[in-house]
Amino acid sequence: MAYSEKVIDHYSNPKNVGTLDKASKNVGTGLVGAPECGDVMRLQIEVDDATGVIKDAKFKTFGCGSAIASSSLATEWLKGKTVDQAIAIDNMDIVEELNLPPVKIHCSVLAEDAIKAAINDYRVKNGLEQLVFEEKGVH
Amino acid sequence: MLNLPIYLDNNATTPMDPRVLETMIPYFTQHFGNAASRNHPFGWEAEEAVDYAREQVAKLVGADPKEIIFTSGATEGDNLGIKGVYEMYASKGNHIITATTEHKAVLDTCKHIEKTGGEVTYLEVKENGLIDLKELEAAIKPTTILIAIMYANNEIGVIQPIREISAIAKKHGVLFFTDATQAVGKVPVDVQKDGIDLMTFTGHKMYGPKGIGALYVRRKNPRVKVTAQMDGGGHERGMRSGTLNVPGIVGFGKACELCRLEMDEDAKRIMVLRDKLETELMKLEEAYINGTTEHRLPHVTNISFKHVEGEGLLMGFNKNIALSSGSACTSASLEPSYVLKALGLGDDLAHSSLRFGLSRFTTEEEIDYTIKAISETVLKLREMSPLWEMYKEGIDLSTIEWAHH
Chain A
89 MAYSEKVIDH YSNPKNVGTL DKASKNVGTG LVGAPECGDV MRLQIEVDDA TGVIKDAKFK
149 TFGCGSAIAS SSLATEWLKG KTVDQAIAID NMDIVEELNL PPVKIHCSVL AEDAIKAAIN
209 DYRVKNGLEQ LVFEEKGVH
Chain B
409 MLNLPIYLDN NATTPMDPRV LETMIPYFTQ HFGNAASRNH PFGWEAEEAV DYAREQVAKL
469 VGADPKEIIF TSGATEGDNL GIKGVYEMYA SKGNHIITAT TEHKAVLDTC KHIEKTGGEV
529 TYLEVKENGL IDLKELEAAI KPTTILIAIM YANNEIGVIQ PIREISAIAK KHGVLFFTDA
589 TQAVGKVPVD VQKDGIDLMT FTGHKMYGPK GIGALYVRRK NPRVKVTAQM DGGGHERGMR
649 SGTLNVPGIV GFGKACELCR LEMDEDAKRI MVLRDKLETE LMKLEEAYIN GTTEHRLPHV
709 TNISFKHVEG EGLLMGFNKN IALSSGSACT SASLEPSYVL KALGLGDDLA HSSLRFGLSR
769 FTTEEEIDYT IKAISETVLK LREMSPLWEM YKEGIDLSTI EWAHH
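Those protein sequences? They're chains A and B, same order as listed.
Note that my numbering has the first sequence beginning at 89, numbered continuously upward.
Note that my numbering has the second sequence beginning at 409, numbered continuously upward.
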């Protein structure tokens, strides 16, 4: 199976690899997947209190090239969006952007889950209730 | 000169030796006869070539040429050997003993037999990949007709205690079948000394052509018979019908002869390269060799790089190095390698494995390049791995509640 150029590019030059201070009130962390499944994604967002805009986003991913590319792309998209805008990111947008084949759709779902988990972590830290998301269930 | 890409997936298939190709060519266009044509020179020539190749094949494994049945490859040999015995010896019993780390061609054949009323015991293997001989002996019952245990494993290269297994089989009057696809031509295999009753092997894993293999069927002490699995002209002493693949057989014979003459030298040289590869890669933190290193093929190693996923790892260099991984993502199924899991490896380590298969044609330059490329990719991906970060922080990953999908 050949990878799309965009997947190869994100894999070779991943954007925003790293770690934010997960203890900070402004940082939301989402850790999704499981080592047994061959995919673990950790996605973090740093939110500007005043504006609700995501100032920074970082990821670390254990997984195949498509999983790495999906999370790298997700961090690029998150930066500069408000939390509300970030919630709207759909896994199929990632699939389309990266030309993921059907067997790799779960990588995009994982990235969407990671975004939502990070947002919820941020919300809980700031006294907001967790949002309930619909299960995608494609894993 | 280093030529890219480098091929280190020789357990999947080997390149054909140019000397093999050379012997085959005349048998496509010039000596194209049907070996079963008894009434003209074209047939005689083909038959003579087949006879000669049969001797070359037999000689490599210490068999009599009459004990060699040509097949299309190891999968057919597994089917013919196991189903053939199951049907031929139905009046004696219906129980077969095999192991969980066998090739799918053996496991699925056994599953098929179970569906038709047979009984199969699947022995677990120890952490080192080898079966427990006591468990094997304990599994034998009055209805047991066959023990089917591979010679060497295709994923981790471990060599089963063949002589001990055959001694147990003989003691209990049970036939012993072995899938020796990965072993023949790489290490000395002798059906007499090893006490093997039936054995399958194939050309394309030993620098020969694809689509040609052999099933060894013992003729003396005891005389073994298998029920044919294909109806037809009664070729190969009635055990395998179908016009003989003469060019393939000629090439297979030549490949066997070259292995017989060069195996020792090849193995010595390849083992030095394999050991270098292994030693250098094991210098990385949290790298683990899968399976015993004591009883192992000289050209194989299987290493897990913890906290890095196999397919992600392959992607770092697979334009330039051909390798396979035990990770699920590289195969059609979503489960990681069942062989590695059978050793007791967690799914995480199974997902992190790479299988290396060197060959007669592997060079030191290629190994040096591979060591460098893999080491760099492992380090790069670990920088990107949340699991590695947690491990470095001293977090026990098994205490984390993962969201299983």
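All C-beta atoms in this analysis are idealised placements derived from N, C-alpha and C, irrespective of residue type, glycine included.
Measuring straight from C-alpha to C-alpha, what distance separates R668 of chain B and N101 of chain A? The residue given as residue 668 of chain B occupies position 260 in the second sequence. The residue given as residue 101 of chain A occupies position 13 in the first sequence. Approximately 49 Å, taken between the alpha carbons.
Chain-ordered neighbours of H715 of chain B on chain A, where CB pairs are closer than 7 Å: Taking the first residue of the second sequence as position 1, residue 715 of chain B is located at position 307. Simply F150.
First and last residue of the uninterrupted alpha helix (DSSP H) at M496 of chain B: Within the second sequence, numbered from 1, the residue matching residue 496 of chain B stands at position 88. It spans 482 to 496 - the alpha helix (DSSP H) in which M496 of chain B sits, taken as one unbroken run.
For G640 of chain B, decide whether its Cβ has a neighbour in chain A, counting only Cβ atoms nearer than 8 Å. The residue given as residue 640 of chain B occupies position 232 in the second sequence. It does not: the Cβ of G640 of chain B has no partner Cβ on chain A nearer than 8 Å.
When you compare the CB of E694 of chain B with every CB in chain A, is at least one pair closer than 8 Å? Locating residue 694 of chain B in the second sequence gives position 286, where the first residue counts as 1. Output row for E694 of chain B: interface = no.
Which value, in whole angstroms, describes the spacing of the CA atoms of M129 of chain A and E545 of chain B? The sequence position of residue 129 of chain A within the first sequence is 41, counting from 1. The sequence position of residue 545 of chain B within the second sequence is 137, counting from 1. If you take the alpha carbons of M129 of chain A and E545 of chain B, they lie about 47 Å apart.
Can you tell which of B:R631, B:V658, B:F764 has its C-alpha closest to the C-alpha of R682 of chain B? Position 274 of the second sequence holds residue 682 of chain B. Of the candidates B:R631, B:V658, B:F764, the one whose C-alpha sits nearest the C-alpha of R682 of chain B is B:F764.
Name the two residues that bound the continuous beta strand (DSSP E) containing R790 of chain B. Taking the second sequence and counting its residues from 1, one reaches residue 790 of chain B at position 382. It is not in any beta strand (DSSP E) - R790 of chain B instead sits in the alpha helix (DSSP H) that spans 772 to 791.
Please go through the region 424 to 470 of chain B and give each complete alpha helix (DSSP H) segment of 4 or more residues, from N-terminal end onward. 426 to 432, 434 to 437, 449 to 469
Determine the extent of the alpha helix (DSSP H) in which I657 of chain B is found, giving its start and end residues. The residue given as residue 657 of chain B occupies position 249 in the second sequence. Taken as a continuous stretch (DSSP letters only), the alpha helix (DSSP H) holding I657 of chain B covers 654 to 689.
By how many angstroms is the C-alpha of I573 of chain B removed from the C-alpha of K579 of chain B? The residue labelled residue 579 of chain B in the question sits at position 171 within the second sequence. The residue labelled residue 573 of chain B in the question sits at position 165 within the second sequence. The alpha-carbon atoms of K579 of chain B and I573 of chain B are separated by roughly 10 Å.
Which parts of the region 538 to 595 of chain B are runs of the alpha helix (DSSP H), unbroken and 4 residues or longer, counting only runs that do not cross its ends? 541 to 547, 570 to 579
Taking CB distances under 8 Å as the criterion, tell me whether G116 of chain A reaches chain B. In the first sequence, residue 116 of chain A corresponds to position 28, counting from 1. Chain B, which has no Cβ nearer than 8 Å to the Cβ of G116 of chain A, makes this no.
Beta-carbon within less than 8 Å of V105 of chain A's beta-carbon, same chain only, minus the 5 sequence neighbours each way: which residues are those? Reading the first sequence from its first residue, position 17 is the one you call residue 105 of chain A. Excluding residues within five positions, the ones whose Cβ falls inside 8 Å are K146, F147, K148, S160.
Extent of the continuous alpha helix (DSSP H) run through L161 of chain A: Position 73 of the first sequence holds residue 161 of chain A. Start and end: 153 to 166.
Collapsed DSSP secondary structure at V710 of chain B in the structure displayed: Position 302 of the second sequence, counted from the start, is the residue given in the question as residue 710 of chain B. Residue identity check: residue 710 of chain B is Asn in the sequence provided, not Val. Strand.
Closer than 8 Å by beta-carbon distance: list the chain A residues that pair up with G734 of chain B, in chain order. Start at 1 with the first residue of the second sequence, and residue 734 of chain B comes out as number 326. Going along chain A, no residue has its Cβ under 8 Å from G734 of chain B, so there is no contact; the nearest lies around 10 Å.
Just to make sure I have the definition right: I need the residues of chain A whose C-beta is within less than 7 Å of the C-beta of D756 of chain B. Which are they? Locating residue 756 of chain B in the second sequence gives position 348, where the first residue counts as 1. P123, E124, listed in chain order.
Any non-hydrogen atom of the ligand NAP closer than 7 Å to I175 of chain A Cβ: Among the components of this structure there are no ligands whatsoever, and the ligand NAP is therefore not found.
Segment contact flag, the region 588 to 598 of chain B with the region 627 to 642 of chain B, C-beta cutoff 8 Å, min 3 pairs: no
Contact between the region 749 to 767 of chain B and the region 114 to 127 of chain A is defined here as three or more beta-carbon pairs at a separation below 8 Å; is this criterion met? yes
State the Cα-Cα distance for the pair N114 of chain A and T700 of chain B, rounded to the nearest angstrom. Taking the first residue of the first sequence as 1, we reach residue 114 of chain A at position 26. Taking the first residue of the second sequence as 1, we reach residue 700 of chain B at position 292. Going by the C-alpha atoms only, they are around 50 Å apart.
Contact set for G151 of chain A: own chain, Cβ-Cβ below 6 Å, skip 5 residues either direction: Taking the first residue of the first sequence as position 1, residue 151 of chain A is located at position 63. Answer for G151 of chain A: D127, listed in chain order.
Does the beta carbon of L731 of chain B come closer than 8 Å to any beta carbon on chain A? Here residue 731 of chain B refers to the residue found at position 323 when the second sequence is read from its first residue. Not one chain A Cβ lies under 8 Å of L731 of chain B.
Does the beta-carbon distance from A461 of chain B to F660 of chain B come in below 8 Å? Translated into positions along the second sequence, residue 461 of chain B becomes position 53. Translated into positions along the second sequence, residue 660 of chain B becomes position 252. Yes, the pair counts as a contact, with Cβ atoms nearer than the cut-off.
CA-CA distance, E743 of chain B and A454 of chain B? For the purposes of this step, residue 743 of chain B is taken as the residue at position 335 of the second sequence. For the purposes of this step, residue 454 of chain B is taken as the residue at position 46 of the second sequence. Answer to the nearest angstrom: the Cα atoms are 46 Å apart.
Going by the CB atoms, is the gap between I490 of chain B and L429 of chain B shorter than 8 Å? Within the second sequence, the letter at position 21 stands for residue 429 of chain B. Within the second sequence, the letter at position 82 stands for residue 490 of chain B. Cβ atoms of L429 of chain B and I490 of chain B: not closer than 8 Å.
Within this structure, are the beta carbons of G118 of chain A and I177 of chain A separated by less than 8 Å? Your numbering for residue 118 of chain A matches position 30 in the first sequence. Your numbering for residue 177 of chain A matches position 89 in the first sequence. No, they are not a contact pair.
Is V528 of chain B closer than 8 Å to T506 of chain B when the C-beta atoms are compared? Taking the first residue of the second sequence as position 1, residue 506 of chain B is located at position 98. Taking the first residue of the second sequence as position 1, residue 528 of chain B is located at position 120. Contact flag set, yes.
Coil, strand or helix - G611 of chain B by DSSP: Start at 1 with the first residue of the second sequence, and residue 611 of chain B comes out as number 203. In this structure, G611 of chain B counts as helix in the three-state DSSP scheme.
Using a Cβ cut-off of 8 Å (strictly closer), state whether R211 of chain A contacts chain B. Counting from 1 along the first sequence, the entry for residue 211 of chain A is found at position 123. So no, R211 of chain A is outside the interface.
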